[in-house]
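**Student:** Residue numbers (my numbering): 690 to 807. Note that the Cβ used here is the ideal one computed from N, Cα and C, for glycine as well. Fair warning: this is a prediction, and the values are worked out from it, not measured in the lab. Here it is, the structure, as structure tokens.
Written as structure tokens, this is what we have:
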């Protein structure tokens, strides 16, 4: 899809590449404990501070965009599913936010939005 400048066999080729390859790449390179080390040029880096900062940034972004942004989007065609999921998983979402040590104001904002779904 044009986001990687690696060797030709590593690049997206619409003639042979598949959506399955994209999903596997996302699962194995992004949805892992330390995605920082999968960024080009950082795979051999032993920079724990940068890794932690990277993860914290992803966690805050996930909370703001993937959770709060979706809850607040009243026009989403998936609104019913998102609301039902967040109601059902409310405690797990809040527990994850605590485990991520998100800023207090963000956790309060998240709790307020989740409470409003009830």
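Just checking, does the region 772-782 make contact with the region 795-806 on the three C-beta pairs under 8 Å criterion?
**Tutor:** The answer is yes - the region 795-806 touches the region 772-782, with three or more Cβ pairs under 8 Å.
**Student:** Taking 9 Å as the cut-off, decide whether the C-beta atoms of residue 770 and residue 783 are in contact.
**Tutor:** Start at 1 with the first residue of the chain shown, and residue 770 comes out as number 81. Start at 1 with the first residue of the chain shown, and residue 783 comes out as number 94. No, Cβ-Cβ distance for residue 770 and residue 783 is not below 9 Å.
**Student:** Label residue 752 either buried or exposed according to how many other C-beta atoms from any shown protein chain fall within 10 Å of its C-beta, with 16 as the threshold for buried.
**Tutor:** Counting from 1 along the chain shown, the entry for residue 752 is found at position 63. Classification of residue 752: buried, given that the 10 Å Cβ count is 16 or more.
**Student:** With DSSP run on the structure shown, which of helix, strand or coil describes residue 786?
**Tutor:** In the chain shown, counting from the first residue as 1, residue 786 sits at position 97. If DSSP states are grouped into helix, strand and coil, residue 786 belongs with the helices.
**Student:** Find out if the Cβ-Cβ distance for the pair residue 729, residue 744 is shorter than 9 Å.
**Tutor:** Residue 729 sits at position 40 when you count from the first residue of the chain shown. Residue 744 sits at position 55 when you count from the first residue of the chain shown. Cβ distance not < 9 Å, so residue 729 and residue 744 don't count as in contact.
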